[in-house]
Every structure is written in C-alpha cells, then in structure tokens.
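Visitor: So that we are looking at the same thing, I have put the structure below in structure tokens.
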C-alpha cells in the first residue's frame with residue numbers, strides 16, 4: 079500500500095481519536111482548550127502509528143524523531159487552532175446548534191492541518207538519510 083495512503087488511513091484514525099476526544103473534554107474545558115488537549119491526544123496516537131506503519135524505515139534516533147514530531151505538530155496545532163476558531167466564527171452566523179458548529183469547525187481544521195503534517199513528517203520527522 080502506498081505511503082500516502084497509509085498516512086491518510088492512519089492519520090484519519092489519529093484524527094478521529096483527536097476529534098472524538100474533544101467531546102468529553104468540552105464537558106469541563108472551554109472549546110479552545112479542549113481542541114488543544116484533543117490535538118495532543120491525537121498527536122500521540124499519530125506518532126506511534128506513523129513511526130510503525132507509515133515511515134518505518136527512518137534511521138533517525140527516536141529522540142530526534144520525537145523532538146521533530148513535536149515541532150511539526152506544534153506548528154500544526156497552531157494551524158488547527160487558528161483554523162478551528164476562524165471556522166467557528168464563520169459558522170456563528172448560522173442557525174446550527176453550537177455543538178454542531180464546534181464539531182464541524184474542529185473537524186475541518188484537523189483536515190487543513192493534516193496536509194502540512196504529512197510533508198513535515200515525511201521530510202523532517204521520519205526522513206531517511208542519504209546514507210540510510
């Protein structure tokens with residue numbers, strides 16, 4: 079199965095974990111905080127899945143992979159936060175219930191962030207050296 083397909087499938091699983099985690103978090107956290115915590119839950123799942131099944135040939139030490147993964151995902155978290163709040167504001171003029179607006183804004187923002195994450199992880203986090 080091509081790498082990009084594995085990334086999309088397992089990234090979709092990590093994104094689903096991210097998205098679903100926000101619902102119980104929203105019971106006791108404000109929307110922005112719940113999105114951020116859910117993002118890091120999904121990010122941890124993504125690291126384990128990507129390292130094992132999408133980019134298994136990386137010759138970088140685990141600590142370098144972890145640090146770069148965190149860096150790529152910190153940028154991604156910023157993108158998701160900005161996109162989620164912008165989309166939520168954009169949906170504020172609809173008659174949809176708040177829970178629906180939040181779910182759509184968060185889900186779309188995750189998709190926006192995933193594009194940059196693929197390239198960041200392929201080129202930085204799990205890259206294979208020219209000698210590897």
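Numbering (my numbering), first residue to last: 79 to 210. Where a beta carbon is used, it is the ideal one built from N, C-alpha and C, also for glycine.
With three or more beta-carbon pairs closer than 8 Å as the criterion, would you say the segment 83–92 touches the segment 121–130?
Guide: Judged by Cβ distances under 8 Å, the segment 83–92 makes contact with the segment 121–130, as three or more pairs qualify.
Visitor: Suppose the cutoff is 6 Å on Cβ atoms and the five residues either side in sequence are ignored; what does the same chain contact list for residue 147 look like?
Guide: So the qualifying residues of the chain are 125 and 203.
Visitor: Just how far apart, CA to CA, sit residue 120 and residue 97?
Guide: If you take the alpha carbons of residue 120 and residue 97, they lie about 8 Å apart.
Visitor: State the Cα-Cα distance for the pair residue 195 and residue 166, rounded to the nearest angstrom.
Guide: Using only the alpha carbons, I get a separation of about 22 Å.
Visitor: Check whether the Cβ atoms of residue 191 and residue 150 sit closer than 8 Å, and answer yes or no.
Guide: No, the pair does not count as a contact, with Cβ atoms beyond the cut-off.
Visitor: DSSP three-state label for residue 204, please.
Guide: Residue 204 falls in the coil class under three-state DSSP.
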